[in-house]
Structure formats: structure tokens, C-alpha cells
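Quick notes on the structure that follows.
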Amino acid sequence: MSSNSQYTGPWTSRRVREEFFEYFRARDHTFVRSSPTIPFDDPTLLFANAGMNQYKSIFLGTVDPNSELSKVKRAFNSQKCIRAGGKHNDLDDVGKDSYHHTFFEMLGNWSFGDYFKKEAIKYSWDLLTRVYGLSPDRLYVTYFEGDPANGLEPDLEAKECWLEYLPEDRVLPGNAKDNFWGAWCHPPELDLANRRGRDGRYRSLREIHYDRIGGRQAAHLVNQDDPDVLEIWNNVFIQFNREPDGTLKPLPAKHVDTGMGFERLVSVIQDKRSNYDTDVFTPIFAKIQELSGVRPYEGRFGADDADGIDTAYRVVADHVRTLTFALSDGGVPNNVGRGYVLRRVLRRGSRYARKKLGVPIGSFFSSLMPVVVETMGDIFPEITKKVDDIKEILDEEEESFSRTLDRGEKLFDQYAAKAKAEGRKELSGADVWRLYDTYGFPVDLTRLMAEELGLGINDAEFEEAQRKSKEASKGTAKKDTAEIVKLDVHELAILEKDDSVPKTDDSAKFGTGNITATVKAIVYDKKFLTSTQDIPEDATFGVILDKTSFYAESGGQEYDTGNIVIDGAADFEVTNVQVYNGYVVHTGHLKYGQLDVGSEVISSYDELRRWPLRNNHTATHILNFALREVLGDHVDQKGSLVAPTKLRFDFSHKAGITLPELTKIESMSIDWIKKNVKVYGKDLDLNLAQKIPGLRAVFGETYPNPVRVVTLEYSVDEIAADIENPKWRQTSIEFCGGTHVAKTGDIKGFVITEESGIAKGIRRIIAVTGHEAAEVTRVAQALEEKLNQADALDGKAKDAALKALTVELGQADISVLKKAELKDKLNAMRKAFDKAVKEKEAAAGKKALEDFQKHFVENPNAQVYIALVEAGGNAKLLQSIATAARKAEKSIYVFSHDAEQGKVPHVNYVAPNLKAQGVDARQWAAKVTDLIGGKAGGKEESAQGVGSEASKLQEAIAAARQHVEKYL
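Reminder that position 614 of the sequence shown reads as 616 in this note's numbering, one-by-one numbering, no gaps.
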């Protein structure tokens, strides 16, 4: 393979990308950095899935004319794409073949109303054959063959362009399915649905295919899913608009939108039969082998990959790329939308790592992630900026899944064995739902595991089980919030007398992970039962265990949620946890199965909910310490709430906290997080603990003896050994029975979102940490960017933008400090804008009056002044000229053009001398409105109106002149 490139040496993936960039840079294309994979500002997309996504406003004609994007005529880049959910989902195929990916790069070049088919085709041919040195004998292209049913002619123009480079037997017609829309990469506004009659942009595709084998005629294999005859480049020509009546109308500006899969291109240039055999993936494979100790990657597929190791290599390498990029762009695994897709990706990859590579999961993906950062951080620097955050998110998710993976797989094996024993070829859909609902196994992961055993899934049963569960949860959700199972004095007396029900040992709540426990009591309808057998379906009831890992609500920290499970037999969903005189009551409902007193169960709290609770509780201690340091020792805690999404802290302070004070409080809190000191918790004798200098406790609270002490940086044992050392005042020390992080760095971020007074002498601070802190920071940055964009506008567009931002900023849940900064900036912009408008209006008014006076000075015999005034549609300015005309007893008709609104204000005045000759201001105005539309009204001597046909303005001025001249 030869090339006339300025680069030398082997064709590394880095060189392939740089050659593409250099080629289009030299041809006056602008580099536009890849948009994020998480399109926060585009609700129509789950992920960025094609290079054209960020140019959608140009294609739709809605681009802001004042934006930088509107100035771009030619562009190129490598767009980060994810196809792992929604309409464009390659997740299930990854690992099975040589070319599917959930994350990939899309190299692209674009023309927005500049060059078109001939130039785009020339660039494609030149780059592929001359620069990359691909053999022309292996290239095949397609053109649109036409679609008479939809009134579409064949694209003979593109065909003729290609015949300049290739013989006719390799320039192939393609049908509407393959060559007219490319709906695979376009958002709904530009999607195939528009072909069914709605108006929309029409685009035809010109595909370039490459035969990996060569030395043969392979035209019959084009678009036949042959892995050796593959599409490498797609040239999309946007040239028609489907009108409401169904006709196709040529667009005024024709666009070029191209996309070339980077990984596929590299495999072709490096002469590899698989994308996974290129240096895009080999560094990740090397790290996988290092971490797992398995055999090297051998590129086997299907039945040839008997041990599944090569499939696991591909899955894990692909998935770590997806996760690295998605998390660096602000994605967060959760149970909703794109967050759930990311969780599925991680769990699918984790299962392959554990099952096929034999890797203990918990920090596997975070150990692989640095390879992705190292190999791709230069072209996508954003992935280098959040490495610690990405690692922590990956570890949280892996660790959480690892706790249920073993149990879930054992249960899956039972379900699979049962299906085979019964002669069925499908798993029960209800069983598959249980695997998801209880153990967090996404259905596609279970499907994958079933396929490995030659089984399918009964999807109808699964959907029915899912529907029933959702219906049940809707009913119980309302009950659970209102019907917390409480133990009153009578029920507590019964328990106290019952030696078989000890007070609950809840010491495991300070640890991590599940524990095995025994059911000691079941509470329903004020009665103690020995079994759930007679409790109505979906009823809310309470369960008391001998020991628990759940945290019962106390000290301002919310309760845990989760499940009490007998694997494969019963699942009790815990929705609330309270403690009564040492008895911990788990409130919830039974999802399936039966619990009995004496049943051995697994106490499994929701770790992913507990994680932010821990963050927020430790952050509350840090905040309490910072408040004392900044405001003084008089600060006392008056209440607090520790929830998964925020923390709330009430405290005594007589005055509002100033912005400089808030800045110091937030900065000091962030410093503690950055110091990443250990957090300690241990019981101490109450009388001894009360002697610690700087100890924080809630005034009036009764504490147990011994009492749990939580400290930062210094261990409780170290403090107890020197109990009255004054240096303990330099850190946070509190009585607290809550759960906390292991080290302050786990909190990740801290942002104060509200500071207010709630009563005389009582202030409240609300703050967020972790993912929520990152999200409010992202929202603030987006608002700041909008503010900067608004500042670049002028006229009414700027006025409207500033008004909208005033509302949006007022409602935004962002940093108090950032909001104050942005409000100051917005107020300054508004003040400057209003001043400029007034100055402009004053200057325009002055000039308009001067022009009016000058007319009569230069034309002393003139009786009327008719003019188009440069007033931007300011009707008040026109009225001021009419007032001056009245004083000077001169007749006028003045007009102004509001270009932004397309309106034409106009005002006239008839002086006494013309009025006496029969001129009526209303009739005069009617001659104008006959042409420019709108309405006009007034009296005999003066009339005014606003027209809507600005294109006929000059005709209207001529008509006004013609009408009055009849009386002169």
C-alpha cells in the first residue's frame, strides 16, 4: 500500500486519523471538536450516535445566525458515537462479530451550502486511493436508483461523477432502503418517518464499499452483510424538502454530510480482517491479559471460540471505551434512560470479565480505563480531566453488582436446569423478571447467558411479569409512604416479654455488603404473625430480624431501602426502616414467595442509594465544622436531613451569611474533601467523650453510653489516648450513629445550592455532593455559556434572550455562589444593553428631528415631509417627529422598518393648510395600509398604524407621496 502522504512509517490508527484531519484542513475545512456523547441539550437523542448530530440546526435551518456554527461552511472532525440503546443499539452484537461496537469514532467532512456531489466524491476518491493507498480495484460504490412511487428520479449526477473513477460494473444502483435516507444516523426531525407524508429534508446516500479479499468481482456481495465486502464511507447529499402536499422541492442550500467509521477504516488500511485486530484495541487487550492472566487474544468467533475468552476480550475492550467516554461527558449509571444503558453496559462487561476471564470484579474496569485515556486522551482531552471521578463511579457500580452476581448466577442456573428438565427451550419470563428485579440482571444479560446454554426467553411472560410488578409497585408506593409499620407501647411490651425476639443487632449497618439473618417477627395489622401466608397480596407489613445491615432512620439520615431475600424463594422489598426501643422494623411488601419466623434470609440494602447517603452525611460533618470556623463557636446544629440527593443543615446564627463567608465555608469544605483524610467511627464512654475539645453535639439531645464518635483525620483511639489535647479542635469530631465514607475524597464534590433564614436566629444551608454536585456544576456552566451567547447578540434578539435568562437563572438549582456571579453578570449586561438602547434611541431621535428640520431649511417652499426613518421600528420616535411637525405646522408621513419583527410602523400629521385643502390623515393612512397591510387609525389631522408587508414598503412610501401631491 503506497501513499503520497507527508507522514512516513507504519499506518498506525493515530496516523490514519491525522491524515484525515490534515487532508480536509488543507482544503479549507474547519475543525469542529466532537460534541459530547451525552447530548444534554438534545432530548431527542439517548446518545450522540452520528457525526451529523451537532449540525442538526444547520440542516433544519434553525441555527442561530450569530453563533460560530452559522459561520462554518466546510467542516471536519472525528465524532464520538455511542450506539447502545434506543433505536440505534448494537449492544447485543458486540463481541459476536468483528465489526460491531457500542463506542466508535465517526470521521466526517461536511459542506453547508458550499460544495456538493462532484467535489465530495472527488475528495473521497482522492483520500482513499492516493493518501491511504487503497487499491481502486477493491472499491465499489452505490448511487440512488430512484423511487417512482415517491416521485424520486435516479441520481444520475452522482453516477456520472463516480464513472470518472470506476468502471460501470462497480458503480451500482441502490434502492431507497439502502441509498436514500440513512435513517440509521439521523434524529427524529430528519428521520424516515418523513417519507410517509410529513414535510422534511430528503437525503440520498452514496456508499463506498471495500473488498478485503480483492482479485475478484464482488459487486454481488455489496450490501449483503458480507464481512469481507464492507461499507467504509457514506456520502450523504441533502437536496430536497418534502412539502406538505407530498411533492419534493429542491432546497435553496444543498449540503454534504459524510461519515466513515474510524475503526473499520483502520482495519482496511492495516489489512486486518477484524476491527479488533488493529492497534485501536490491541493496547486494551494487552492490559486485559495482564490483569486477568488468561491466554492472549486469538481472534476466534462463534463455535471456534469454545472457551468464550476471545468474545470476552472484545466485549470488555469495547465496553470500557464506551464507559470511559460516556462518564467523562457527564453520564451517570442509574435506573433511567441513558443511565440505565450505561449500567447495562457495565454489568454485561463485568459478567464477561468474571465468567470468561476469571477476574474478580470490583475494580476491573477502572484498572482498564487508564489505557483508554493514554491512547485517546490527546485527540479527546476531556477524558483526561475526570479520571478519578470515572474510577470511583466504575468501582461503585462494579462493587454493587459483584454482591448480587454470584447469587443471581446460581439462581439462573436453577431456572435453566428447571427449563431443561421440563423439556422447555425457553426460560420462564417470570423467572427472568425476578433476576432483573431482585438481582439487577438486565434482560439482555440474562438472554446472553441463556443463549450460551441454547435457551431462549419467553418474552410475553416477561412483559406480563414486568407489567404486574409495575402495577403492584404503583399501589404499594402510596401505601408505603403512609403506612410505615410502627410499634406502639403495647406491641413493644409484647416483644419485651418474648425472649425469642431479641433487640436487633444493627452493627452491620456501619459495614458494607450483605449479611445472613433470621426472621424473628412479622408485624401486620397490629398483630405478630408466624408467617406471611395469610397476609393479603401487595399488603404492607413489617419484618424484624435478629440482625440487619439496614440503616434505620435516625440522626437526620434517611433510612435504607433494599431487599430481604431467600434466594430463589422469596423477595421482600424494603421501602422504609425505623427503630423502636432497639427493635428495627423493615417496612415493605412481599414481591413473591413466603417468609416465616425462623426463615434464614439475606439482608441486602441498596448500596447505590447508601453511597450518596454516606457522602452527604460526612459532608454534613465537614460543613458543621466549617461553619464554626468561619462564623464562630456560637453556631449550634438545630436540625439536619441527610438524603441521597442532598443534605440540609439548620443552625443558629443571627445574621444572613454574606457571599464572602459562604465562599470561605464552601472552599473549606472542598479542601477537606481534597485532603482525602480517613473517617473514623467508634464507641467511647460518654463522660470521657464529652471532654474532647471541639466536640460537636446537638444541644438537648440524649446520647447513649457508650456513644459513637465520628472523627476526621485522627482516629478515635488516638484522641481517647490524649483526650483533652487542644489540637482536636482542628478537626471535625461529632457524636453520630450514621453511616460515613471511608475517606473524605469519596465525597468527590461539594456545592452549596441554598442559604436562607427559616426562623428568627436560625439559618439553613442546602448542599449537594458527588454526582449531584457535578450535575449542578454542569447546569451552571451551560447557563454561563448561554449568557455568553446572549452577550454576542444585539437588538430585540438580545433583549428577548436576557429576559429568558433572567427567568431561567432565577429558577436554576445551582451553586448559590455561581448564581450570584451569573446574576451580577446578567444585571451588568442588562444595564449596558438598556443604556446602549437608550443612547441609540436618543441618537436616532436626534438625527430624525434634524433631518426633518433640515428638509424644510433646504426646501423652504415644501409643504410636506415624507421619509423612511432609521428608527428600528420605534413608533415612539415617529410620534416625536409628528409632535415637532405639529409645532412647526408642517405636514409629515414617516415610516420605520422593524427588520427583526418584519413590521412597518408609520405615522402622519396633516398641518392646518393641507387640512383646509381636504387632506384627511385617515384616508392618507388607508392608501398605505392597502399596500403594506395591517391596521391604521386616528383622527382627521393625525393617524398611525403598523404594517406587516415590509417587502412593499417602498411602494407604500410612493403611494403616500402620490396621494398628498394631488392637493399641493
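Even for Gly, the Cβ is constructed at its ideal location relative to N, Cα and C.
Taking the Cβ atoms as the reference, Thr-14 lies roughly 6 Å from Asp-281, within the contact range of under 8 Å. If you draw a 10 Å sphere on the C-beta of Arg-616, you find 16 or more other C-beta atoms in it, and that means buried. For Ser-893, the enclosing beta strand (DSSP E) begins and ends at 893-897.
Boundaries of the beta strand (DSSP E) harbouring Tyr-867: 866-870, taken from the DSSP string.
Counting only unbroken stretches of 3 or more residues, the beta strand (DSSP E) elements lying wholly within the segment 740-786 are 752-761 and 764-771, in sequence order. By a beta-carbon distance limit of 8 Å, Asn-111 does not contact Gly-176. Their separation comes to about 21 Å. About 6 Å separates the CB atoms of Thr-104 and Val-347; that is less than 8 Å, so the two are in contact.
For Cys-83, the beta-bridge partners assigned by DSSP are Phe-106. For Asn-626, the secondary structure class from DSSP, reduced to helix, strand or coil, is helix. By the Cβ criterion, the segment 705-721 is not in contact with the segment 584-593, since fewer than three pairs of Cβ atoms, one from each stretch, lie closer than 8 Å. Exclusion of the five residues before and after Asp-687 leaves Pro-708 as the residues of its chain whose Cβ lies within less than 6 Å of its Cβ. For the options Gly-379, Leu-93 and Glu-774, the alpha carbon positioned closest to that of Asn-618 is the one of Glu-774.
Per the coordinates, the alpha-carbon of Asp-527 lies some 36 Å from the alpha-carbon of Lys-412.
Distance from the Cα of Ile-271 is smallest, within the candidate group Arg-132, Lys-251, Glu-292 and Trp-164, for Arg-132.
Its chain contains Ser-368 as the residues whose beta carbon lies nearer than 6 Å to that of Lys-393, once the 5 sequence neighbours on both sides are disregarded; these appear in chain order. Excluding sequence positions up to five before and after Glu-715, its CB lies within less than 6 Å of the CB of Val-679 and Thr-733, all in the same chain and listed in chain order. Residue environment: Ile-385 is assigned as buried (16 or more neighbouring CB atoms within 10 Å of its CB, all protein chains considered). Counting every other CB atom within 10 Å of its CB across the protein chains shown gives Phe-382 a total of 16 or more, marking it as buried. Secondary structure note for Pro-372: its alpha helix (DSSP H) is the uninterrupted segment 366-378. Along the length of the segment 4-86, whole alpha helix (DSSP H) runs at least 4 residues long occupy 15-27 and 58-62, reported in chain order. For Thr-660, the number of other beta carbons within 10 angstroms of its own is below 16, and it is reported as exposed.
One Cα belongs to Pro-695, the other to Glu-726, and the distance between them is close to 6 Å.
Contact annotation: Tyr-354 and Ser-100 have beta-carbon atoms that are not nearer than 9 Å.
Beta-bridge partners assigned by DSSP to Tyr-582: Tyr-585. Assigned with DSSP and collapsed to three states, Pro-728 falls in helix.
With respect to Tyr-911, Ala-927 sits apart: the two C-beta atoms are not nearer than 9 Å.
Under a 10 Å Cβ-count criterion, Ile-496 is classified as exposed, with fewer than 16 other Cβ atoms of the shown protein chains found around its own Cβ. One Cα belongs to Glu-560, the other to Thr-64, and the distance between them is close to 47 Å. For the pair Ala-86 and Tyr-682, the Cα-to-Cα distance works out to about 41 Å. Look at Asn-618 here: in three-state DSSP terms it is helix. By the CB criterion at 9 Å, Asn-516 and Ser-551 fall inside the cutoff. Contact fails between the segment 331-340 and the segment 304-321, because fewer than three Cβ pairs, one in each stretch, are under 8 Å apart. One alpha carbon belongs to Lys-120, the other to Lys-82, and they sit about 28 Å apart. Ranked by Cα distance from Ala-799, the first of Leu-819, Phe-835 and Ile-767 is Phe-835. Distance check between Phe-242 and each of Asp-128, Tyr-342, Lys-124 and Phe-61 places Phe-61 closest, using alpha-carbon atoms only.
When DSSP states are grouped into helix, strand and coil, Ala-699 belongs to the coil group.
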